[in-house]
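So the sequences go chain by chain: A and B.
Positions 1473 to 1701 (my numbering) are the ones given, in order, by the first sequence.
Positions 211 to 557 (my numbering) are the ones given, in order, by the second sequence.
From the three backbone atoms N, C-alpha and C, an ideal C-beta is built for every residue, glycine too.
Scroll down for the structure; my scribbles are underneath it.
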Amino acid sequence: MQEVKKILVVDDEAQITRVLRRGLESEGYQVRIASDGHSGLETFRAWPPDLVITDLSMPRSDGLDLCSRIRQLSEVPILVLSVRDDEPTKVKALDLGADDFVTKPFGMAELTARVRALLRRTSPAVESEGGLEVGDFNIDPQQRRVEVGGKPVHLTPKEFELIQFFMANRGRVLTHRAILSAIWGSGSVEQPEYLRVFIGNLRKKLELDPRAPRYLKTEPWIGYRFDPE
Amino acid sequence: MPVRSPNGHAWRDYALATLALAALTAVLHALSGRLNQTSIALALVLLVILIAVRAGRGPALYASIVAGFVFNFFFIGPFYTLRIQRTEDLVAFVVFAMTAILVGQLSSRLEKRVIQAEELQRSEQLKTALLDAVTHDLRTPLTAIKAAITTLRSGNVGQEVQQELEEVIEQEADRLNHFIQGMMDLARLEAGQLSLQSRAVSADEVVEDALLRAGSVLREREVETAIEPGLPQLQADPRLLSQVLFTLIENAAKYSPPGSPIEVSVKRSRDHSVAFAVCDRGRGIAPELRDKVFQKFFRAGAQPGFGVGLAIAHGIVQAHRGRIWIESAANGNGTRVQFQIPAGEAA
């Protein structure tokens, strides 16, 4: 039997948490509510959830603060809610450890889809004899071999590093800064155009239609999201 | 036209310019044995510039003409007459007069530009603050409504949950409506067009209506009400008055810990007035911020949203010839916001 997943929702708007509780419960999740970052962290310690959904702007301790504090304690996926579409705040949240974001107002279907994707990431990948298998992808770190839908793909060493990094962080939104510093070191974080070239090449090799990517999606102004399913 | 001074005080600028010129002339005259004509002329021009910057074009022009006479009368021979004998003195006088007038006019224009630029910047900042605030206060209820509707449409909710979500949708639609009403009130207050629909109203009515409206904000919060019996009736606009009380209750709920009680009290006060007070057990507001919170777009702390609730409340109370202010709660723990409204003539 599948165990019930626990979700902690942190938002200061009572009406929003009221709806989120009902919406998530109707999808079969167990839900706890906190109204600010401070009590959110207390609940997190007392009742360790499988996923955290948090608003960014709250009185007292805010969402950014909560993200960094939770990251010091655990690797649990964090989904950020924000009324602002200002990219710097989202990038900041993601760099502080958030995994994905949804902009208010959102539909419940969109939110629960993101929740499912993030929870899937934490469920272990299937270790086959040929390597790591998730969705349409099969990656063998020993042989440095990648298969998409059963067909082998030839990648340069850097491209292989990149796809390995995406695989390890599947479902997450990765900021340009996070990818650049992981693959090219912290000295390259100000050069997103560098990354754009590599992503373009990678898409040509992995995607059926590189102009309408299915696996390697762009999050405008923020970064990329890899979804192998 | 003077830039900084309102028209009513223009004569004061001219009087001050006259005084300053008289004082400088006295000093220069006392030192005239040790100063040459050029230094004296420069000192006078400097004063004209100062007057131009402080008081604007009119006083600057006046000061440059008076300075011309002073220069001629006291410092160009033959002294103590307005006659000029030598040609080089005439040239010096004309150059001085033109410099003083030109520099005075240019300085005042520059000062005016600086003030205009500052005003523009302030209005830009205000626009940004307004946009951020409206974004938050419109999107938050919209988020609850959209999330509720999409949950309902997923089809897997029970009867009870369905009712709750419908209730949220209705309450949030009301909240949007109140927000728009608040914007309208603010616009009318600013244009001086808020007309009071006054009638005799009792304090009980006002409190009851405000608490009814605060229902969705308060949820399970406990509100203790204490209304002194036998209060005089108020001659006031009931909707606006309950709007003020609602704003105070909403703020109390927002800025104090969940579960802590909120007290609403109404009692007779001096000068034949009725005093309403809302008291919470929150962190309180620092004394130096207590007047600022009534300004438009001001928010204590990093609270998001439209910081105009108290500005509107302030305007409404003033329109009723009352006053509103903030104190620390009786035990020093929390905030107590009070407003006084004069009782109606009928009482």
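First through last residue of the alpha helix (DSSP H) which encompasses SER1660 of chain A: Taken as a continuous stretch (DSSP letters only), SER1660 of chain A belongs to no alpha helix (DSSP H), as it is neither H nor E.
Buried versus exposed call for TYR560 of chain B [16 or more other C-beta atoms within 10 Å across all chains shown]: Only positions 211 to 557 of chain B appear in this structure, which leaves residue 560 of chain B out of reach.
Start and end residues, beta strand (DSSP E) containing TYR1696 of chain A: 1695 to 1698
Within 7 Å, strictly: CB atoms of LEU1591 of chain A and LYS1478 of chain A: no
Proximal residues to GLU1691 of chain A (C-beta, below 8 Å), its chain only, five neighbours per side dropped: VAL1645 and ARG1697
Contact list for ALA358 of chain B against chain A, beta-carbon separation under 9 Å: GLN1487, ARG1490, VAL1491, ARG1494, GLY1495 and MET1580
Min CB distance LYS1576 of chain A to chain B below 7 Å: yes
CB contact check: THR248 of chain B to chain A, cutoff 7 Å: no
Helix, strand or coil at ARG244 of chain B [DSSP, three-state]: coil
Touch test, the stretch 1538 to 1554 of chain A against the stretch 1512 to 1527 of chain A, Cβ-Cβ under 8 Å, three pairs minimum: yes
Closer than 7 Å to chain B by CB, SER1498 of chain A: yes
Option nearest ASN1673 of chain A by Cα separation, candidates A:GLY1659, A:VAL1625 and A:SER1658: A:VAL1625
Residue nearest to LEU458 of chain B in terms of C-alpha spacing, selected from B:ASP347, B:VAL371 and B:ILE526: B:ILE526
Chain A within 7 Å of LEU422 of chain B, Cβ atoms only: no
Min CB distance SER1554 of chain A to chain B below 7 Å: no
Boundaries of the alpha helix (DSSP H) in which ASN1673 of chain A is found, first to last residue: 1664 to 1678
CB contact check: GLU382 of chain B to chain A, cutoff 7 Å: yes
VAL547 of chain B burial status per 10 Å Cβ neighbour count (16 or more: buried): buried
Chain A within 7 Å of ARG429 of chain B, Cβ atoms only: yes
Same chain only: Cβ atoms within 7 Å of ALA358 of chain B, ignoring 5 sequence neighbours per side: LEU375, VAL378 and ILE379
Distance between ALA446 of chain B and HIS530 of chain B (C-alpha atoms, nearest Å): 7 Å
Enclosing alpha helix (DSSP H) for LEU451 of chain B [first to last residue]: 448 to 464
Own chain partners of SER1717 of chain A with C-beta closer than 7 Å, once the 5 adjacent residues on each side are dropped: Any question about residue 1717 of chain A goes unanswered here, given that chain A covers just 1473 to 1701.
Proximal residues to SER318 of chain B (C-beta, below 6 Å), its chain only, five neighbours per side dropped: ALA262, GLY266, ARG267 and ALA270
Residue range of the unbroken alpha helix (DSSP H) whose run includes GLU415 of chain B: 413 to 428
Among A:ALA1585, A:MET1530, A:ASP1571 and A:ILE1671, the one whose alpha carbon lies nearest that of PHE1632 of chain A: A:ILE1671
GLN445 of chain B - DSSP class collapsed to helix/strand/coil: strand
Residue range of the alpha helix (DSSP H) that includes LEU1439 of chain A: With chain A covering 1473 to 1701 only, the question about residue 1439 of chain A has no answer from this structure.
Cβ of ALA354 of chain B within 7 Å of any chain A Cβ: yes
Same chain, Cβ closer than 7 Å to LEU1536 of chain A, neighbours up to 5 away in sequence not counted: LEU1528, LYS1564, ALA1565 and LEU1568
Extent of the continuous beta strand (DSSP E) run through GLU537 of chain B: 533 to 538
Residues bridged to THR545 of chain B [DSSP beta-bridge criterion]: B:SER538
Per-residue burial, GLU298 of chain B [other beta carbons within 10 Å of its own, 16 or more giving buried]: exposed
Buried versus exposed call for ASP1681 of chain A [16 or more other C-beta atoms within 10 Å across all chains shown]: exposed
SER1533 of chain A at chain B interface by Cβ criterion, 7 Å: no
Cβ pair count under 8 Å reaching 3, the stretch 1491 to 1506 of chain A against the stretch 1572 to 1587 of chain A: yes
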